[in-house]
Amino acid sequence: MSIFLDSIFSSIALSHFMVDTFNASRPVLLTYLGLSEWEIALFSTIYIWTSALTQPFFGWVSDRTGPRWLAAGGVLWMTVFYSAALFIPGNVGLGCLIVAALGSSAFHPVGAVQATLRGRDLLKGRETTATSLFFMAGQLGHFIGPIITGFILASYKLPGMFIVPVVSIPIGFALLNQLRENHPHPKPSQATHSNRAKAGLLFIVVLALVAAMQSWAQANMVNLIPKYIKDLGQGATIYGSMAGLFMGGSALGNVFGGYLGDRYSKRFVASGVLFFSAFPIYLVSLIGWSWWLYILVPLAGALTGAVHSIMVVFAQRIIPGGMALASGLALGFIFSSGALGLLYTGHLAELYGFPFVLTFTTAMVLIAAPLALFLKDPVI
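Its first residue numbered 187, the sequence shown is counted upward by one per residue in the working numbering.
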């Protein structure tokens with residue numbers, strides 16, 4: 187699309203790809219290091235919360251100082267501490283990996299706002315499409331990250347993982363250059379404040395519930411499926427690619443959902459894709475290891491991922507304050523609620539097995555689907 191010819195949007199999108207490549211390598215890396223389901227879930231929860239709960243703060247700062255240093259600095263921060271995590275063994279290295287998550291936290295709310303604003307300017311107001319393309323870039327990182335991590339670990343062991351931070355260095359400095367003018371984010375108008383007030387508490391509560399269940403469903407799949415596939419006797423290349431395929435499907439679904447969300451009622455789009463996502467998730471719980479997983483896993487990713495940009499645009503429209511603060515609050519809540527749910531389902535997976543968790547996940551998306559119908563589109 188023409189928006190990718192815009193230097194600011196393309197730099198933001200490429201940086202998002204890099205940030206989420208770092209993030210997505212985590213479950214495969216932890217599986218390679220021999221952590222159990224509970225340990226993977228616990229560490230992933232700490233990692234995600236470190237990123238998620240600080241996003242509103244970074245969004246608030248960005249609304250006042252501009253996007254440049256938080257966006258580009260986030261990429262370079264992850265580069266430094268991810269490298270330290272690979273270099274330093276044991277718990278100290280894992281601690282560096284958690285510190286690296288702050289770079290993701292700084293980048294995400296700023297990047298989401300820049301994508302939305304470029305959509306308003308360059309796509310004649312189709313902000314959901316632009317936001318979905320931004321998130322698609324990140325989810326392509328989630329797609330490539332596990333696959334390349336599995337391949338590197340299988341072929342070159344842990345030292346080979348230094349390839350990832352080396353690639354990220356020029357991307358971070360390119361973004362620093364593109365945002366050199368550092369324009370602050372626009373303030374919401376009085377009409378926007380009025381429309382946000384009319385949205386009401388019920389809208390916010392329902393939005394939070396739908397977003398939380400969608401995030402929890404995705405967290406269950408992408409963080410625990412590598413361990414499940416490994417326990418079924420497959421190697422790092424296979425379980426890495428399976429996590430990647432889920433997020434690759436999510437990336438495509440996100441664009442599909444954004445496209446439909448700009449043309450039809452967002453609540454009906456969100457409800458429909460959540461309902462249909464129950465079918466592939468439940469089928470995965472039944473069949474064990476099968477080549478059918480190469481179809482069902484990305485399909486589950488596509489249908490659950492189609493909701494993401496819709497939830498963020500809803501939040502940008504109705505949460506008081508600046509756009510980056512709203513984005514930080516929304517993304518922080520989405521990621522942290524998924525991580526909290528993962529902590530519980532990681533324990534369930536050890537007690538009852540991953541197929542039980544998938545059945546549980548099926549029930550969640552079936553509950554979220556009718557709830558989404560209460561999300562009447564707010565106007566700005």
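Glycine residues also receive a C-beta, built at the ideal position from the N, C-alpha and C atoms.
Computed from a prediction, not measured in an experiment: that's the story for all the values here.
From the DSSP output, in three-state form, read off V391 for me.
Under the three-state reduction of DSSP output, V391 falls in the helix class.
Considering only residues of the same chain and omitting the five flanking positions on each side of S427, which have a CB-CB separation below 8 Å?
P332, I333, G336
Could you check the C-alpha separation between R163 and P242 for me, to the nearest Å?
It is not possible to answer for residue 163, since the shown part of the chain is limited to 187 through 566.
Measuring CA to CA, which of Y218, G252, R503 is closest to E367?
That would be G252, whose Cα lies nearest to the Cα of E367.
Could you give the DSSP three-state label for S451: helix, strand or coil?
coil
Go to D307, then tell me how far its alpha helix (DSSP H) extends in each direction, as first and last residue.
276 to 308
Cβ neighbours of T423 in the same chain (closer than 7 Å, five flanking residues each side left out):
G336, F337, A340
What span of residues does the alpha helix (DSSP H) with T265 cover, start to end?
254 to 273
T240 to N209 span [Cα, whole Å]:
Each residue's Cα considered, the two are about 16 Å apart.
Per-residue DSSP class, three states only, for E223
In the three-state reduction of the DSSP assignment, E223 falls in the helix class, which pools H, G and I.
Give every residue of the same chain whose Cβ lies closer than 7 Å to the Cβ of Y414, excluding the five residues on either side of it in the sequence, and list them in chain order.
Contacts found: F540.
Range covered by the alpha helix (DSSP H) that runs through A558
Segment: none, A558 is in no alpha helix (DSSP H) and carries neither H nor E.
For the alpha helix (DSSP H) that contains F320, what are its first and last residues?
313 to 342
Within its chain, find whatever has a CB closer than 8 Å to the CB of L472; leave out the 5 residues flanking it on each side and keep chain order.
P541
Where does T378 fall in DSSP's three states?
The pLDDT assigned to T378 is 49, lower than 50, so where the model puts this residue is not dependable; a value taken from the coordinates is nonetheless given after this. Residue state, collapsed to three classes: helix.
Sequence-distant residues of the same chain with beta carbon closer than 6 Å to L552, five excluded per side:
A464
Best match in W402, F320, I504, F229 for proximity to M303 [C-alpha to C-alpha]
It should be noted that the sequence gives Leu, not Met, for residue 303. When each option's Cα is compared against that of L303, the closest is F320.
Excluding the 5 residues flanking D206 on each side, which residues of the same chain have their C-beta closer than 6 Å to its C-beta?
Within the same chain, D206 has close Cβ partners G324, G327, H328.
Closer than 7 Å by C-beta to Y530: which residues in its own chain qualify, once you throw out the five before and the five after it? Chain order, please.
none
Only counting the same chain, and skipping five residues up and downstream in sequence, which positions put a Cβ closer than 6 Å to that of I194?
Q364
Can you find the residues in the same chain that come closer than 6 Å, C-beta to C-beta, to F500, ignoring five residues on each side of it along the sequence?
L393
Counting only runs that start and end within the segment 506 to 538, where is the alpha helix (DSSP H) found for 4 or more residues in a row?
509 to 538
S401 vs G518 beta-carbon contact at 7 Å:
no
Could you check which residue in P213, L219, I226, V247 has the C-alpha nearest to that of S513?
Ranking P213, L219, I226, V247 by Cα distance to S513 puts V247 first.
How close, in whole Å, do the beta carbons of V278 and F267 come, if the pair is a contact with beta carbons under 8 Å?
Contact doesn't hold; Cβ gap of about 12 Å is too wide.
From V476 to F244, what distance separates their C-alpha atoms?
It is Ser, not Val, that sits at residue 476 in the sequence shown. If I take the Cα positions, the gap works out to 43 Å.
Measure the beta-carbon distance from T315 to D448 and round it to whole angstroms, keeping in mind my assumption that it falls under 8 Å.
By a beta-carbon distance limit of 8 Å, T315 contacts D448. Their separation comes to about 5 Å.
For R366, does the three-state DSSP call read helix, strand or coil?
coil
Classify Q241 as helix, strand or coil using the three-state DSSP reduction.
Q241: helix per DSSP, three-state reduction.
Could you check how far apart the C-beta atoms of S436 and A488 are, in whole angstroms? I think they sit under 8 Å.
6 Å
At which residues does the alpha helix (DSSP H) containing P345 begin and terminate?
Careful: P345 lies outside any alpha helix (DSSP H) and carries neither H nor E.
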